[in-house]
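Following this note's numbering, the numbering of the sequence shown begins with 98 at its first residue and continues without gaps.
Read through the structure below, which is laid out as structure tokens, and then see the notes.
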Amino acid sequence: HPSSSILEIIMTGNGMWTRWATKNAMIGGVKYETQDGDTAYLYDMGACSVPQLLTGHDKLVTSGDTLGSFINDGENPCFQEDAYLQYQESFDYKGTWDFVVLTDQAKRMCFDET
Numbered sequence: 098h099p100s101s102s103i104l105e106i107i108m109t110g111n112g113m114w115t116r117w118a119t120k121n122a123m124i125g126g127v128k129y130e131t132q133d134g135d136t137a138y139l140y141d142m143g144a145c146s147v148p149q150l151l152t153g154h155d156k157l158v159t160s161g162d163t164l165g166s167f168i169n170d171g172e173n174p175c176f177q178e179d180a181y182l183q184y185q186e187s188f189d190y191k192g193t194w195d196f197v198v199l200t201d202q203a204k205r206m207c208f209d210e211t
């Protein structure tokens, strides 16, 4: 979602489902084995939610958004392809963050004064 607000990104996800289906975006150029034993060829479309980006996991992200936690606009890769959700959830980040900077297309900063 190139022109989204932070709220839209939080509610819908990264919006990369239709933008990254290129040969160069293939994850390592290899296949991924799903939990069902199927083989999937995946594109690297990034994390599907902010918590997933920061920690590797987000219990609210489900295949097809069955929990209804997000606005499913058809652009979140984890809602569209179960194998991609499994792949994203396979990460287990152990690091911590000192700070996180979020930005959108706004013309001014979040705080006018400090």
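Idealized CB from N, CA, C, for every residue including glycine.
Problem set entry | Which listed residue (Thr-152, Gln-132, Met-123) has its alpha carbon closest to that of Leu-139 | Proximity to Leu-139 across Thr-152, Gln-132, Met-123 peaks at Met-123, based on C-alpha coordinates.
For this session: For the stretch 139-205, list the alpha helix (DSSP H) runs that are entirely contained and at least 4 residues long, ordered along the chain.
Result: Entirely contained in the stretch 139-205, the alpha helix (DSSP H) runs reaching 4 residues are, in chain order, 147-152, 174-177, 179-186.
Exercise. How many angstroms separate the CA atom of Thr-152 from the CA atom of Tyr-190?
Worked result: About 6 angstroms.
Problem set entry | Asn-121 versus Gly-143 - alpha carbon distance | Distance between the alpha carbons of Asn-121 and Gly-143 is about 14 angstroms.
For this session: Report the rounded CA-to-CA distance for Asp-170 versus Asp-155, giving the unit in angstroms.
Result: When only Cα atoms are considered, Asp-170 and Asp-155 end up about 18 angstroms apart.
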